[in-house]
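Each number in our numbering comes from the position in the first sequence (counting from 1) with 12 added on.
For each residue, glycine too, the CB sits at the ideal point set by N, CA and C.
To start, the structure under review is shown below, and the notes come after it.
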Amino acid sequence: MPELPEVETVRRGLEPAMTGQNFIAVEQRRADLRFPFPPNFADRLKGRRIDALSRRAKYLLADLDDGGVLIMHLGMSGSFRIESLAPGLFHHDRSKDPAHDHVVFQMSGGARITYNDPRRFGFMLIEPRATLAEHKFFRDIGVEPLGNELDGALLVRLFDKKKAPLKAALLDQRLVAGLGNIYVCEALHRARLSPRRAAGTLARKNGSPAPGAVRLASAIHEVLEAALAAGGSSLRDHRQADGSLGYFQHSFQVYDREGEACQTPGCNGRIQRISQAGRSTFFCAGCQK
DNA sequence: ACACTATCCTGCAGGC
DNA sequence: TGCCTGCAGGATAGTG
Numbered sequence: 013m014p015e016l017p018e019v020e021t022v023r024r025g026l027e028p029a030m031t032g033q034n035f036i037a038v039e040q041r042r043a044d045l046r047f048p049f050p051p052n053f054a055d056r057l058k059g060r061r062i063d064a065l066s067r068r069a070k071y072l073l074a075d076l077d078d079g080g081v082l083i084m085h086l087g088m089s090g091s092f093r094i095e096s097l098a099p100g101l102f103h104h105d106r107s108k109d110p111a112h113d114h115v116v117f118q119m120s121g122g123a124r125i126t127y128n129d130p131r132r133f134g135f136m137l138i139e140p141r142a143t144l145a146e147h148k149f150f151r152d153i154g155v156e157p158l159g160n161e162l163d164g165a166l167l168v169r170l171f172d173k174k175k176a177p178l179k180a181a182l183l184d185q186r187l188v189a190g191l192g193n194i195y196v197c198e199a200l201h202r203a204r205l206s207p208r209r210a211a212g213t214l215a216r217k218n219g220s221p222a223p224g225a226v227r228l229a230s231a232i233h234e235v236l237e238a239a240l241a242a243g244g245s246s247l248r249d250h251r252q253a254d255g256s257l258g259y260f261q262h263s264f265q266v267y268d269r270e271g272e273a274c275q276t277p278g279c280n281g282r283i284q285r286i287s288q289a290g291r292s293t294f295f296c297a298g299c300q301k
């Protein structure tokens, strides 16, 4: 499921059930997901308190009280489910998909948190907090697109001289961290920029950001903020940690809308689908230049 | 250095 | 009904 808005939505859902609480029990039901679990994974966590739950790009980071960090990535199909025996706080329903419930955390506050991941592209690792910035997953990671750092000028700098199409450049986590296939398509449409355009063409001749670069930075902010406000997008029945569904998928302008009329005012185009770098790109050639 | 592709894995939709 | 193919929100290693 998860791009930045979905991962952030998951983080917000998990926070009250995890932060400040201890792992009472950890059940690891198989040896690996995308990677093998660390040695003694369950024992390593048991008894530890989570001091903070944060997010970097699409990674969830649980700071442990022994200086370690539990790194969690949802891959394509990972999700968390929170249940509690405490009445009224959470749903307590059985998993519809127990075959893919791979990890269960029992927290001291009473929450039972289950990680489910049919495709097993997700993973969990434990690394020292002190050297996390140098870890291979984080060493080369790009700018967080929420907040003020990302603007037209920065996009121009990041994309300088790049011949790669905008679609590929925006998906590159080393440049901007957290965008995935959906929100890249949506942001480009919102900015009226073609996904096929070379990324290095967003600058004016003097190097200052062209209007398109400024529009793109704004579009990224807007689409991510709107998705966050909607609780993310729920495709293929993906849910938030509390069981509720995000609804931003109803606001998609292009993603998975091949053949539909473009909604941009004054545009008579239709949404088309092309393949770039092995992934589907949805866009309107009428208004995206 | 850069940019494709193949790949990991399972489920689901669509065609026949 | 079943079987097959292709595709899916990610990210990496390998290739040219």
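Could you name the residues of the same chain whose beta carbon sits closer than 7 Å to that of residue i, not counting the 5 residues immediately before and after it, in chain order?
| i | result |
| --- | --- |
| G190 | E15, L16, A69, K70, E156, P157 |
| A222 | L214, A215, R216 |
| D152 | R186 |
| V266 | C197, E198, H201, I283, F294, F295, C296 |
| D75 | I62, D63, A64, V81, R141 |
| G290 | none |
| H85 | K70, Y71, G134, F135 |
| N218 | none |
| L144 | V81, F150 |
| H147 | E139 |
| N280 | G298 |
| G271 | R282, I283 |
| P50 | R56, L137, I138 |
| C274 | G281, R282, I283, C296, G298, C299 |
Leaving aside the five residues before and after residue i along the sequence, list all residues of the same chain whose C-beta is less than 6 Å from its C-beta, in chain order.
| i | result |
| --- | --- |
| L170 | L187 |
| A229 | L162, D163, G164, L167 |
| F47 | F135 |
| R227 | A203 |
| T276 | C299 |
| A176 | A211 |
| A123 | A29, I94, S96 |
Would residue i and residue j qualify as a contact pair, given that the criterion is a beta-carbon distance under 8 Å?
| i | j | result |
| --- | --- | --- |
| I283 | C299 | no |
| H114 | L45 | yes |
| A211 | L178 | yes |
| T31 | L240 | no |
| N52 | R93 | no |
| I125 | L26 | yes |
| Q261 | P207 | no |
| R131 | G87 | yes |
| L247 | Y195 | no |
| Q40 | A29 | no |
| Q33 | S120 | yes |
| K174 | A181 | yes |
Which residues bound the beta strand (DSSP E) around residue i?
| i | result |
| --- | --- |
| A37 | 35–40 |
| E139 | 135–140 |
| F150 | Where F150 is concerned, there is no enclosing beta strand (DSSP E), although the alpha helix (DSSP H) it sits in stretches over 148–151. |
Measure how close the beta-carbons of residue i and residue j come, nearest whole angstrom, since I'm counting them as under 8 Å.
| i | j | result |
| --- | --- | --- |
| Q118 | A37 | 4 Å |
| A231 | S263 | Wrong, their Cβ atoms sit about 13 Å apart, outside the cutoff. |
| G244 | E95 | Contact flag wrong, Cβ pair sits at about 20 Å. |
| R60 | F35 | 6 Å |
Looking only at its chain, what residues have a beta carbon closer than 8 Å to the beta carbon of residue i, apart from the 5 residues adjacent to it on each side?
| i | result |
| --- | --- |
| G79 | P140, R141, A142 |
| S292 | N193, R285, I286 |
| H233 | P157, L158, L162 |
| K301 | R204, L205, S206, R209 |
| L57 | F35, V38, L76, L82, F117, I138 |
| D109 | N128, P130 |
Just to confirm the assignment, what range does the alpha helix (DSSP H) spanning residue i have?
| i | result |
| --- | --- |
| E161 | No alpha helix (DSSP H) holds E161; DSSP gives it neither H nor E. |
| R24 | 16–30 |
*Mind pulling the beta strand (DSSP E) runs of 3 or more residues that sit fully within the region 53–126?*
Runs found: 62–68, 71–76, 80–85, 91–96, 113–119.
_Going residue by residue through the region 168–204, where are the continuous beta strand (DSSP E) segments of at least 3 residues, counting only ones entirely within it?_
Counting whole runs of 3 or more residues, the region 168–204 contains no beta strand (DSSP E) stretch at all.
*asked:* To test your reading of the DSSP string, which unbroken alpha helix (DSSP H) runs of 4 or more residues are found completely within the region 211–296?
replied: Note on the region 211–296: whole alpha helix (DSSP H) runs with a minimum of 4 residues are 223–241, in chain order.
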